[in-house]
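Student:
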Amino acid sequence: MRLTPHQKKQFKLTIILLFGIPAVVFAVYKGVQYLLLANSDPSPKEIIVSNVTTNSLTISWVTEKPVETFVIPVTAGVEGSPVPDKRGAGKRESHYVELKNLEPDMNYSFILLCDGERYTEGQGGPYIFSTAPVGMDTPIPNPVHGSVSDSSTENVIVYILFTNKSTYPVSALVPSSGNWIVDLSAFRSIEEKKITMSTDNTQLTLIAKKGLSKIAMLQGEYSELFSKDGKLLTVLSLNNQSQENF
0 MRLTPHQKKQ FKLTIILLFG IPAVVFAVYK GVQYLLLANS DPSPKEIIVS NVTTNSLTIS
60 WVTEKPVETF VIPVTAGVEG SPVPDKRGAG KRESHYVELK NLEPDMNYSF ILLCDGERYT
120 EGQGGPYIFS TAPVGMDTPI PNPVHGSVSD SSTENVIVYI LFTNKSTYPV SALVPSSGNW
180 IVDLSAFRSI EEKKITMSTD NTQLTLIAKK GLSKIAMLQG EYSELFSKDG KLLTVLSLNN
240 QSQENF
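Take the sequence shown: its position 209, counting from 1, is numbered 208 in numbering that gives the first Met the number 0, and each next residue is one higher.
1) Near residue 114, what residues of its chain come up, given a Cβ to Cβ distance below 7 Å and the 5 sequence neighbours on each side ignored?
2) Can you tell me whether residue 142 is buried or exposed, with buried defined as 16 or more other CB within 10 angstroms of its CB?
3) Check whether the segment 134 to 154 and the segment 173 to 193 touch, using three or more Cβ-Cβ pairs below 8 Å as the test.
4) Between the C-alpha atoms of residue 144 and residue 124, what's the straight-line distance to the nearest angstrom?
5) Would you please state the rounded distance, in angstroms, between the beta carbons of residue 246 and residue 237? I believe it to be under 8 Å.
6) For the beta strand (DSSP E) that residue 220 lies in, which residues bound it at each end?
7) Exposed or buried, what is residue 168 when buried is set at 16 or more other beta-carbons lying within 10 Å of its beta-carbon?
8) Got a sec? Which residues, its chain only, sit under 8 Å from residue 220 by beta carbon, not counting five neighbours each side?
9) Less than 8 Å between the beta carbons of residue 131 and residue 104, yes or no?
10) To which residues does DSSP link residue 120 through a beta bridge?
11) Closest to residue 88 by CA distance: which of 78, 102, 80, 69 is it?
12) Does the CB of residue 123 have a neighbour CB from chain B at under 8 Å?
13) Taking Cβ positions, are residue 107 and residue 127 nearer each other than 8 Å?
14) May I have the straight-line CA-CA distance separating residue 63 from residue 205, to the nearest angstrom?
15) Pick helix, strand or coil for residue 97, following the three-state DSSP scheme.
16) I need the DSSP call for residue 223, collapsed to helix, strand or coil.
17) How would you call residue 98, buried or exposed, if buried means at least 16 neighbouring beta carbons within 10 angstroms?
18) Would you call the CB atoms of residue 207 and residue 50 closer than 8 Å?
19) Quick check: residue 147 and residue 217, are their CB atoms within less than 8 Å of each other?
20) Taking the C-alpha atoms as reference points, what is the distance between residue 118 and residue 110?
21) With distance defined between alpha-carbon atoms, name the residue in 53, 78, 47 nearest to residue 191.
22) What is the C-beta distance between residue 181 and residue 170, in whole angstroms, given that I count them as a contact (C-beta under 8 Å)?
23) Looking only at DSSP bridge pairs, what is residue 188 linked to?
And the structure:
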């Protein structure tokens, strides 16, 4: 069917409207999104110390908007070199930094760098920690593993701790595959930082967290949560909900 000049003109106008309106809507959406991100707070929140050993530990936290972060360990007032996120350079909302080559039974403070801003304390006071003392106990590896079901696991961190909060958490980043593994032999007591073994009857809390709002949590005895070979019996599914700091 041939189109008259008038019909051709109307057809072109329709095409412009069909493609132009979504483009305008998208531009407005991106503009609002940019303003929201620009006004978000870059300060660190929900700071967690995990995987404590005699010479290393992990510091993780979240921010309201994606920022590039580093941790600067401080000993006796002397700042060390900035340590980047384990995943390398890049702006993220979930941050995971491993500090290694530390001294046993030593007190440290640390500075969090978020997009160049220095943060030395939070609501609970200055950022401080201490490594575990050297002991005679040798930990026996006790790995557990599982999966997280989410469209993107890039910013997901898994934490496991004693439900009574008597130990530091053990933690791991979740790779893009969604499959994670954590060694429970790294449990250390809060008070003396001694190796603390878990048993089949130990009450555990398992948390998978992505940013400030997406979370999955399980609680129960080890034997209820994991199979004999250490596989989590439930696939973790992240939901939008709030969670108190643990």
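Where a beta carbon is used, it is the ideal one built from N, C-alpha and C, also for glycine.
As the structure is a computational prediction, the values presented were derived from the model and not from experiment.
Tutor: By the coordinates alone:
1) 41, 66, 67
2) exposed
3) yes
4) 35 Å
5) Look at the range of the chain in this structure, 0 to 245, and you will see that residue 246 is not part of it.
6) 213 to 220
7) buried
8) Cβ neighbours of residue 220 beyond the five flanking positions: 199, 200, 201, 202, 203.
9) yes
10) The partner list for residue 120 (beta bridge, DSSP) reads 125.
11) 69
12) In the structure shown, chain B does not exist; there is a single protein chain.
13) yes
14) 23 Å
15) In the three-state scheme derived from DSSP, where H, G and I count as helix and E and B as strand, residue 97 is classed as strand.
16) helix
17) Its Cβ being crowded by 16 or more others within 10 Å, residue 98 is buried.
18) no
19) Taking 8 Å as the Cβ cut-off, residue 147 and residue 217 do not qualify as a contacting pair.
20) 6 Å
21) 53
22) 7 Å
23) 166
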